[in-house]
Structures are given as structure tokens and as C-alpha cells.
């Protein structure tokens with residue numbers, strides 16, 4: 588079970604995630620209370636060991652915007668969180684060979700399975716998040732039955748996000764059977780700072796449930 592800790596804003600928080608055993612660290616360039624600059628994301632990416640993948644989360648208006656951010660930060664993956672059409676996703680993938688392209692689908696918006704099957708043709712992975720005005724970051728869960736049907740229907744890895752925390756992640760893993768899970772607010776303390784103990788508990792509970800799910 589792979590685990591991504593998202594909304595990381597400082598190198599110190601990134602190192603907490605590394606210590607806890609995270610597989611990936613997400614940095615938000617999209618509109619969010621956790622949004623950081625390209626320079627801040629670059630500094631975080633540089634602090635990560637090769638075993639932990641830096642992921643930038645974007646809602647780019649153009650292909651060039653995504654490509655320029657990727658060239659500056661050198662992430663292992665780009666998570667496209669907005670309404671990027673399949674053609675745009677394909678263009679970004681062609682422009683960034685060797686960079687994993689993750690396309691978010693917002694559960695609760697409708698046509699989720701249809702969208703997942705469209706995007707799996709052009710993206711390397713699908714992320715399922717809860718629909719919200721900000722296109723994610725709601726801190727609320729969605730209908731895991733929809734997510735489960737997508738996991739069963741697409742061949743690309745599926746990452747489950749949306750309202751996960753140390754208390755519900757095990758149930759989510761058992762119910763949905765995703766390739767990976769993703770959390771932001773569920774492992775934070777005051778001031779949106781990552782809490783090392785919550786991160787550790789989240790990762791441990793996710794992996795324990797995954798081992799039992801196999």
C-alpha cells in the first residue's frame with residue numbers, strides 16, 4: 588500500500604513524512620489554504636530522499652504552465668486536479684516523458700466511472716477525490732462504492748483521497764482496495780502543520796489494512 592501525504596508546505600513537514608514512511612509528498616500549486624510557490628515546492632522537493640516521490644498538485648490553464656512548473660521543481664509526478672480535458676492531459680504527458688501524470692476525478696460530480704475510463708487512456712494513474720468548490724481539499728469522504736467500482740473497472744493505479752484520516756483509512760482500504768491512499772487535513776494539527784504521530788498512525792493503519800485485504 589502506497590501512501591501520499593499532501594499539502595506539505597515546508598521542508599520540515601516533508602521530513603516528518605519521510606520519517607513516518609511516506610511514499611510520496613504532495614505540494615499544492617493549485618488554489619488552496621495550503622498553496623505554496625514554485626520556489627517553496629522546489630526547496631521541499633530537494634529535501635526528499637530518492638525513495639520519496641515529490642508530487643506537484645496543479646490546475647494548469649495551459650500545457651506550458653504545467654511543463655514550466657515541472658521543469659522548475661523536477662517532481663516525480665504531477666497531479667492534475669482541475670477540469671483538464673483528456674487531450675490536454677495527453678499533451679502534458681507527451682511534453683514530460685518520465686514524469687508520472689495523475690488525473691484527479693471528483694466523486695459526486697457525476698459520470699465518475701465514464702471519466703475514469705476516458706482518463707486512464709492518457710494518464711498514468713487516477714486519483715479519486717471528494718467533489719468540492721475548490722476541486723478537492725474538502726476534508727470529507729465520498730461514496731466509496733463509486734470508488735470501488737472504478738478500482739474494479741480501470742487498469743491504471745487508483746489513488747483514494749477525500750476525508751481520510753487515521754481512524755477511517757483502514758475501512759477505506761478494505762472497502763475500496765485502492766493502489767494508494769492520499770491525505771492532507773486528516774494528519775494535521777494546529778496551523779495546518781503535519782503531526783508526525785498522526786502521519787505515522789495513518790500510514791500504519793493503511794498498510795495493516797492493505798495486508799489483510801490481499
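Residue numbers (my numbering): 588 to 801.
From the three backbone atoms N, C-alpha and C, an ideal C-beta is built for every residue, glycine too.
- Contact between residue 765 and residue 745 holds, since their C-beta atoms are separated by about 5 Å, short of 8 Å.
- Rounded to the nearest angstrom, the Cβ distance from residue 675 to residue 650 is 6 Å, consistent with a contact under 8 Å.
- Residue 742 sits in coil when the DSSP states are folded into three classes, being neither helix nor strand.
- If you ignore the 5 residues before and after residue 735, its C-beta comes within less than 8 Å of the C-beta of 762, 763 and 764, all in its own chain and listed in chain order.
- Residue pairing by DSSP places residue 690 opposite 667 and 713 in a beta bridge.
- Assignment of residue 707 by DSSP, reduced to helix, strand and coil, places it in the coil class.
- In the DSSP assignment, residue 675 falls outside any beta strand (DSSP E) and within the unbroken alpha helix (DSSP H) covering 673-682.
- Taking C-beta separations shorter than 7 Å and ignoring five residues to either side along the sequence, the partners of residue 738 in its chain run 745, 763, 764 and 765, following chain order.
- Burial of residue 603 is indicated by the presence of at least 16 other C-beta atoms within 10 angstroms of its C-beta.
- Within a 10 Å sphere around the beta-carbon of residue 792 sit 16 or more other beta-carbons, which makes this residue buried.
- For residue 778, there is no enclosing alpha helix (DSSP H), as DSSP gives it neither H nor E.
- Sixteen is the threshold: since fewer than 16 other Cβ atoms of the shown chains lie within 10 Å of the Cβ of residue 670, the residue is exposed.
- Residue environment: residue 681 is assigned as exposed (fewer than 16 neighbouring CB atoms within 10 Å of its CB, all protein chains considered).
- For residue 601, the CB contacts under 7 Å within the same chain, skipping 5 residues up- and downstream, are 595, 612, 631, 634 and 635 in chain order.
- Residue burial is scored here from C-beta neighbours: residue 742 has fewer than 16 other C-beta atoms within 10 angstroms and is therefore classed as exposed.
- When secondary structure is reduced to three states using DSSP, residue 643 falls in the strand class.
- Of the residues assessed, residue 777 falls on the exposed side of the cut-off, its CB having fewer than 16 other CB atoms within 10 angstroms.
- In this structure residue 775 is buried. Its beta-carbon is surrounded by 16 or more other beta-carbon atoms within 10 angstroms.
- Counting only residues of its own chain and dropping the five nearest sequence neighbours on each side, residue 696 has a CB closer than 7 Å to the CB of 718.
- Approximately 3 Å separates the beta-carbon atoms of residue 752 and residue 773; this is inside 8 Å, confirming the contact.
- The three-state secondary structure of residue 610, taken from DSSP, is coil.
- Of 593, 608 and 589, the smallest CA-CA separation from residue 784 is found for 608.
- Cβ contact annotation for residue 589 (same chain, cutoff 6 Å, sequence separation greater than five): 610 and 767, in chain order.
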